[in-house]
Each structure stands twice: as structure tokens, then as C-alpha cells.
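Here the sequence shown stands for residues -14 to 205, numbered as in the numbering used here. All C-beta atoms, glycine included, are put in the ideal place defined by N, C-alpha and C. Please read the structure below before turning to the comments.
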Amino acid sequence: MIRAVFFDMDGVLYDSMPNHEYSWCKAFEDEGIRFSPEEAYANEGRTAKGTINLVFNRELGHGATDEDVERIYKRKTELMHSRPQPPMMPGMQELLTSLPAAGVKVYVVTGSRQPSLVGKLSHAFGIRQETLICGADVQKGKPDPEPYLMALERSGCERGECVVVENAPLGIISGKAAGLTVWAVNTGKLADKILMEAGADRLFHTTRELADEMRKETAR
Ligand code: CA
């Protein structure tokens, strides 16, 4: 029986990953450093510093300095702001606003630190401060289990009553490390195999397919 669902945000609630992909690729290209679109998806959820260091080590054979991190992340952020606001993923607004009526608690668990996050999520998805766990709430972000453990504790539910919804390998690893069931939805550019190897219990190809299945499983 599902009594609580913990939704990731980017690539699950909003089709925001194409903006991240574009901005990461262009920010590295400006530095003359190779970075593939797939890598934007493979590293989704990693801190900017973590991603930049990883790419520096691989491409240049040494880590990034604080100045490198600051410069590239600033450029990436500027590029993000130049992109149009991402649309919601199909079927997710209907799902999140209908689950509470079926007696299911809804939480959003994201590494994002956007200042206007609660306002945005409250308007679109009925999320409140108490049902949002964001980057500022945790010491260690995904792939550490901390964000999902916090959601579990706040929900007051047992592990077996909760489902995590994720699109990214590091998010799936975080949910599994918290001992939770993870439904993955492959909305990005990675092979299904990568999400399954990260530990996904179930895999869907569209948010609509996932929403239909969750409605079935939570129907009373
Ligand atoms: Ca995500």
C-alpha cells in the first residue's frame, strides 16, 4: 500500500533538463573543454563543484580551482537564466494534486536551491514548506540518502509504504540508499540500463505512463 510519494523535481515535475544540458554544454564549450549532452544527464544532481572537478580531472588531468568553479558555474547560471521557463511534465500536475484525495502524502525532494521554489511548487503542485525538501535543508545532497531519509521521517510512514520517483542515476542511488522503493522515469538521454543499474525497482518511459500506474496502485 502506497501512503507517501517522494517526487524529484527536475526531469520529473518540470521538463527542465534540456535547459541544464544546453547550459552545461555551452559553459564547458566556452572553456574549450569537452562535455557531452549525455553527461549532463549522467551527472544530474551532482553539485556544480563536483561536476566541474570531475570533468577537469578527466579532460585536463587535474582538479578545478575555486576560481574555475566560480567562473564556469556563473556562466552556466547565466545561460540557464537566458532559457525559457521549462514546461511541466505531462500528467504530473494532475497526479500530484489528486494523490492527497486518495490519502497519499506528497513530498518534493530536490537538490535545487532556487529562492522562489516553494511559491512555484505551491502554485503548480500544492506543495508547502513542510512538504518540500530542497538543497538548503540537507548537509549532503543526492546520491547521499539524507534527502530521502528526511522525507521519510517527515512523512511518518514506514519504508514499505513510500515510493520515490526519480529520473536520474544519482537520485535513484539516493532513494535506494535510504532503503526505499524507486520508480524511475526515463525522460532524458540515458539508456534504460543505466537507470536499472542505479537500482530502479520499476522503469517507465513517460511521466504519463508513470502517473497512470500510480493512480491504479493508489485507487481506493
Ligand atoms: Ca531529476
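Reference residue i, options the options, closest by Cα
i, options, result
"Leu102", "Val91, Ala121 and Tyr26", "Ala121"
"Leu180", "Gln70, Leu155 and Ala204", "Leu155"
"Thr191", "Asp129, Thr82, Val150 and Asn28", "Val150"
"Gln99", "Ile118, Cys10, Glu44 and Thr203", "Ile118"
"Arg187", "Tyr26, Val94, Asn152 and Ile18", "Asn152"
"Asn38", "Val170, Gly160, Met2 and Ile57", "Ile57"
"Pro69", "Met2, Val94 and Val89", "Met2"
"Leu165", "Pro132, Lys174 and Glu194", "Pro132"
"Gly160", "Leu137, Gln114 and Gln124", "Leu137"
Where the alpha helix (DSSP H) through residue i begins and ends
i, result
"Cys147", "That residue, Cys147, is in no alpha helix (DSSP H); its beta strand (DSSP E) goes Cys147 to Glu151."
"Phe20", "No alpha helix (DSSP H) contains Phe20, which DSSP labels as neither H nor E."
"Val54", "Asp51 to His66"
"Ala12", "Met2 to Asp15"
"Asn38", "Ala33 to Leu45"
"Ser83", "Met77 to Ser83"
"Lys161", "Pro154 to Ala162"
"Leu134", "Glu131 to Ser140"
Run of the beta strand (DSSP E) containing residue i, from where it starts to where it stops
i, result
"Lys174", "Neither: Lys174 is in no beta strand (DSSP E) and is coded neither H nor E."
"Lys90", "Lys90 to Val94"
"Val(-10)", "Ala(-11) to Phe(-8)"
Simplified DSSP assignment, three categories, for residue i
i, result
"Ala185", "coil"
"Ala204", "coil"
"Ile112", "coil"
"Asp(-5)", "strand"
"Val166", "Just to set this straight, residue 166 is Thr in the shown sequence, not Val. Looking at Thr166 - three-state DSSP - the assignment turns out to be strand."
Exercise. Per the contact definition of three or more C-beta pairs closer than 8 Å, is the segment 54 to 69 in contact with the segment 180 to 199?
Worked result: no
Problem set entry | Closer than 5 Å: residues whose CB approaches a heavy atom of ligand 1 | Asp(-7), Asp(-5), Gly(-4), Asn152 and Ala153
Exercise. Between the segment 87 to 105 and the segment 3 to 15, do three or more beta carbon pairs fall short of 8 Å?
Worked result: no
Problem set entry | Segment contact, 8 Å Cβ cut-off, at least three pairs: the segment -14 to 4 with the segment 135 to 145 | yes
Exercise. Can you find at least 3 beta carbon pairs, one from the segment 73 to 82 and one from the segment 42 to 56, that sit closer than 8 Å?
Worked result: no
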